[in-house]
Each structure stands twice: as C-alpha cells, then as structure tokens.
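Chains as they are written, first to last, in our numbering: chain A, 1 to 105; chain B, 1001 to 1504.
For each residue, glycine too, the CB sits at the ideal point set by N, CA and C.
Since this is a predicted model, take the numbers as computed values, not measurements.
So the structure is just underneath, and the comments pick up after that.
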Amino acid sequence: MLSAIEPTTSWYLILSAVLFGIGTVGVLVRRNPLVMFMCIELMLNAVNLSFVALATQLSNINGQVAVFFVMVVAAAEVVVGLGIIVSIMRRRTNATADDLSGLRG
Amino acid sequence: MLLANGLVGPSIPWTDIVPLLILLGGACFLLLVGSLVTTWPRHGYAWFTGATAAAALVANCVEWNNLQKEVGRSIIADAIFVDRFSVLGSITVLGAVIFTSILMSAYMQRSDEDGPELYALFLTAAFGAIVMLSANDLIVLFLGLEILSLSLYLLAASNRRREQSQEAGIKYFVLGGFASAFFLYGIALVYGSTGSTQLYVNTSTPQGIAQALGSQVAVSGNESLLLIGIGLLMIGLAFKVSAAPFHVWAPDVYEGAPTPVTAFMASVGKVAAFAALLRVLLVGLPQRVDDWRPVVFALAIATVFIGSIMAVVQTNVKRMLAYSSVSHAGFILVGVEAAAHMRGDGLASSMNYLAIYTVLVMGSFAIVLAMSGQQDADTALTDFRGLAKRRPALALAFSILLFAQAGVPFTSGFVAKFGIMKSAVDVGSYALAVATMVAAVIGAFLYLRIVVSMWLEEPDTSEPLNVAKPVAIVIVLSVAFTLIVGMFPDLLLDATRLVRFAPR
C-alpha cells in the first residue's frame, strides 16, 4: 500500500540535497547568465526546504522564520542581478558567460 | 498563546546600535535628498559620506571607551554582540569608508559623473559589514553578508562606460551568489543538528550552538549533518575572504572594478568576512576545533603559496595587488589557525593584521588610481616604468607601501607579519610559520619587481603626471600611518591587544 508510507524528514532533506545539487551543476554547466542566476535561486529554495523540514522535526520556529529572511534576500538578489544582466545585454545582445572573458591573466 | 498574550518584541538598547543607525540614516538621506536636490557643491557627496562614516567612527570610539570594565554584551535577544572585537572591526571598516569616499570623489570628478548612488552604496556596504562582524546569530550574519555583497556587486559593475567593470560585476554576482547559497546550506545543516542558529547564548533554554555542542554526548545521526554544515559554512566564508582554492574571482573582479571600489572590496570585504569567520569558528564551534582546524591549516598554506606565486607572473599592477591580497588572506588565516589553539594572541594579531592591511591597501590602490588615466586604463606594469623620474614623491610613497606589504622592518607590514608569526610560533604551529615565511619571500619578489621598474627603468613618456588633491591626501595619510605604526607599533598594539569576544 502506497498510502502507508509516511514521508519522514530525511526524505525532504534528500530532496533538498538533490535540488541543491541540480542548482550547483546548473551554475557550473550552463553558459547563459540568466540561467545560471535561476540555478542560484534554485539552490536558495532547496535550502528553504531543508529549513522547513528541520524546523518541523525539531518543532522549533527558528527555521521557519529563517525562510522568510531567505526569501527577502532572494528577492533583493533578483533586483540586483537582473539590473547587472540588463545593463550588459544593452551593450551587446546575446551575451553568454563565454563572451565575458575580457579579464584574464 | 503567543498572540493571545500579545507579541512582545525584544528590548532594543538603541544607544548600542548608534553607529548602524547613523550609517543607515546617512544612506537614506543621501538617496532621498540627492535625488531631490540636483546641484550639490563640489565633492559634496563625498564630504557627506565621509562625515557620516566619521560620526559612526566617533560613536564606536565612545563605545570602545565604555567597554573598559566589561568585555561586551549581547543585545536584541542575543542577535548581535557589542564587544571589543566588533568595535575594533567597525572602526577599521569606517576608516576604509572615509578613505574610499575621498578616492571616489576624485574618480568621479575625473569622469564628470558625480552622483549620490554609489556613496549611498558605500554606506550600506559598511552597514552590512558591521552587522556581519557583530552578529551572534547565523541568520543575522547571513543578512549582513548579503547587504554587504549586494552593495559590492553593484559597486563593481558601477562604471557603465567600461565593459570590464560590467564583466567584473556579473562574475562577482554569480560566484558570490553561489558561495552565499553554500553558506546558507551550511546554516541549515548546523541548525538541523544543533537546533539553534545562535552562536552563543548564556541561558539554558533556548540553547546556542556552542552550548548544544558542549552538552551533546555523541549524537550519532546528527554528526554527519553537523560536519557537512561546518564544511559548507567554511566554503562560503573562504570564498568571501578569497582564500585559495576559492580565490579565482578575486583577480578578475579587482581588475575590472573601478579602482576606489577595488580598494573598498579588498579592505572592507575582507575585514568583515574574516571577523565573521573568526566569530563563527571560535565562539560558535569551539567544541569542534579538531574538525575545522586542519581545514584552516590547509587553506592557509594553499592561500599564501597560490597568492604569492600567481602574483609574480602578472603583468598588470591591479592584478598583482589582487593576488597579493590573496596572499595577505593566507597570512590572516595563519592567525586564525593560531587563535584556534584557544591560547596565545592569534585573535589579536589577526585583527591587528586586518587593520594594518586595510590602510596599506587603501594607499596602494590610491597610487594605482593616481597613475591610471581615464576609465581605469594604464595600470600595466609597463606604465609604472620610470615613475621615479616623472614623480619621485609618488614613486617613493608606492615603494614604502610595497615594502610594507612585503613586511620590511620599520613599516607597519612588519608589525603585522611579525605578530602573526609570533602567535603561530607561540602555540607551536612551526610548520605553518615556516611555510608562510617561505611564501613571504616569494611574495617579496613581486613587490621588488614593481619597485625596480619604477626606479631603475626609463620612462616611456615624459608627460607630466597630475595627482588630484583628494588622492594625494589618501596617499599621504596611509604612508604616514604605515611609517608611524612601523616605528611605534605599541600605538596600535595596545589597542588590539585588548580585543576579546563577549562570551569569554
């Protein structure tokens, strides 16, 4: 019976680790700044899932409160990140991370 | 229940957070009035920023004086500490803000695009840095880190006419966000295994991380969670202090960002991140010292060597200084390792190094700014050729600052490096002390290379080099500090010797 299986905290922790891993690989592999940026957001949200799961397990409100702060930070990051990306895109269309390699040494 | 009784917030001792309020108020004022009143006097924004930082600095000095009797206290429901450590860190950060605002006014004047936004960002960055170095709660620390980092991303990308500046901004943003996510995951896992995000709390309920770890007797399931968490926290902070192998962003970002911003990132970012690293490790996780000390050891060795060796092969002075700041981070990590032995004066010597390093970095980048033409160009090593024949005073000042970075006696750099070495030897970290001295010798080659090129080679051009007055002020002040502290080290050491964390 499928309904008899009760998801435990570790399920959520594993799911969150998998999501975090997908985000990490995405940042390292993808070459579009926007997609890399989305992957960072995925990583932050994976952490949010761990926070909620752990807070429920510990029956401690701190973790749930932390999630709100993380959401605010993620929103602020969107504003700043998109600002920088847009100002680059204005200068040249279709910029990928490989094009942005003027600085090296 | 909570709502029925009325939600009672923590009591806030407003006088203890005056420096933070001044910075925040100054930033808001600058943005609001700056957009309403369009004609400010010449250097008006810089004067206002400098004055705001100076006011916060005075408030911190008063606080330092008030802390004569007690070590410090934890305020706002144990969210932040006010102790000697945080006050000294704040003073360093605010000094850097004053220097940077002077440099920025010269930079902006040159390209005729003065505006209030960047100065406001300097103030919010300093706000974030001070929150970071006084935080007692990992979530508060994370917020401070983000306030600092978001301001720095924008500052790095702030020169819209220069493509390298934008590139620096996006690189710093992507890698910085990546590292922040690791740091946050570390917080979540440490929270999961200890049930708290607070580093140290004096009461038994709720417990802080230090208390929870102190009372736990071998909790098997949580151990791996905790160790992964500590590792992720250290990755996040190692990135922010640009410790190898997490330093790859530093040279690109330092080179691309506008020079005053580079000076600001190199000083304030590093002070805040090292202060956070020291506090998280020594106040929150002292019970796990045997787990994290080897990591700090390895980071320190890798950082001093990679920083020194990579600096030697660069051809751009800004990049050289970036790698030299990586190797300075390695030296401070040696101090962190010494502090981990829980005796000796590793903590004091690390803070001492940070304060001295901040002034050196300001002076060095001020000279790079004086040398560079429009839009940060002309910072290649060849542009420094024969500087002694064009502007002997500038060459002399740069030589003094470079010798100080190399650690030559009678300069402040010697005091800093000697303090770190002494504290490492005092606690028996001989291997680390010897390795870093070898790296320091390699690093000296870099500084000598610039000095030789300035004094012994012929200049390519005989164009007169005009140094703007604000830049000259910063150079003179930092050289004076370097020499005075080098000759009379007790002026600074008497203050840093008193640095303590509140719970100890």
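- At least 8 Å separates the CB of R31/A from every CB of chain B.
- At a C-beta separation below 7 Å, R1160/B has these neighbours in chain A: S87.
- DSSP places A1135/B in the strand class (E or B) of the three-state scheme.
- In this chain, the beta strand (DSSP E) harbouring V1082/B covers 1080-1083.
- A check of alpha carbon separations from V1471/B across I1102/B, A1077/B, W1047/B identifies I1102/B as the nearest.
- Under the 8 Å criterion on CB atoms, E1163/B is classed as interfacial with respect to chain A.
- With respect to chain B, the C-beta atom of M71/A has no partner C-beta closer than 8 Å.
- No residue range can be given for G1428/B, since it is assigned to no beta strand (DSSP E) and is classified by DSSP as neither H nor E.
- If you check each beta-carbon in the segment 1407-1441 of chain B against every beta-carbon of chain A, none falls closer than 9 Å.
- Around the Cβ of T1461/B, a 10 Å sphere holds fewer than 16 other Cβ atoms; the residue is exposed.
- At a cut-off of 8 Å between beta carbons, F1178/B contacts chain A.
- When 8 Å is used as the limit between beta carbons, V35/A is near no residue of chain B, the shortest such separation being about 11 Å.
- Nearest to G1128/B by C-alpha distance, out of N1222/B, I1080/B, T1194/B, G1256/B, is I1080/B.
- Against chain A, a Cβ distance below 9 Å from L1448/B picks out nothing, because the smallest value is about 20 Å.
- In the DSSP annotation of this structure, the continuous segment of the beta strand (DSSP E) that includes S1074/B starts and ends at 1072-1075.
- Between the C-alpha atoms of M1234/B and V1280/B there is a straight-line separation of about 9 Å.
- Looking at the backbone, the Cα of P1260/B and that of S16/A are separated by about 40 Å.
- Judged by DSSP secondary structure, F1048/B falls within the alpha helix (DSSP H) whose first and last residues are 1044-1066.
- Only exposed fits G1214/B, as fewer than 16 other CB atoms lie within 10 angstroms of its CB.
- Within the model, the alpha-carbon separation for F1178/B versus T24/A is close to 8 Å.
- Burial is judged here by how many other beta carbons sit within 10 angstroms of a residue's own beta carbon; I1400/B has at least 16 and is buried.
- Of the candidates H1247/B, G1307/B, I1187/B, the residue whose Cα lies closest to the Cα of F69/A is I1187/B.
- With a threshold of 16 other beta carbon atoms within 10 Å, T1379/B meets it and is buried.
- Against chain B, the CB of M43/A has a partner CB under 8 Å away; the residue lies at that interface.
- At least one beta carbon of chain B lies nearer than 8 Å to the beta carbon of A76/A.
- Residue state for Q1198/B is assigned as strand, using DSSP reduced to three classes.
- Taking CB atoms only, F1122/B has no neighbour in chain A less than 8 Å away.
- Around the Cβ of L28/A, a 10 Å sphere holds fewer than 16 other Cβ atoms; the residue is exposed.
- Across the set L1448/B, G1428/B, V1131/B, D1291/B, the C-alpha of G1428/B shows the shortest separation from the C-alpha of G1335/B.
- Beta-bridge partners of N1316/B (DSSP): A1380/B.
- For a cut-off of 8 Å, the C-beta gap from T1482/B to N1352/B is around 14 Å, too long to register as a contact.
- Inclusion of A1355/B and L1492/B in the CB contact set at 8 Å is warranted, their separation being smaller than that value.
- Within the segment 1136-1183 of chain B, the runs of alpha helix (DSSP H) at least 4 residues long that lie entirely inside it are, in chain order, 1138-1156.
- In terms of beta-carbon proximity, V1317/B stays away from the interface with chain A, with every pair separated by 8 Å or more.
- Contact of F1297/B with chain A by beta-carbon distance below 7 Å is absent, the smallest such distance being about 26 Å.
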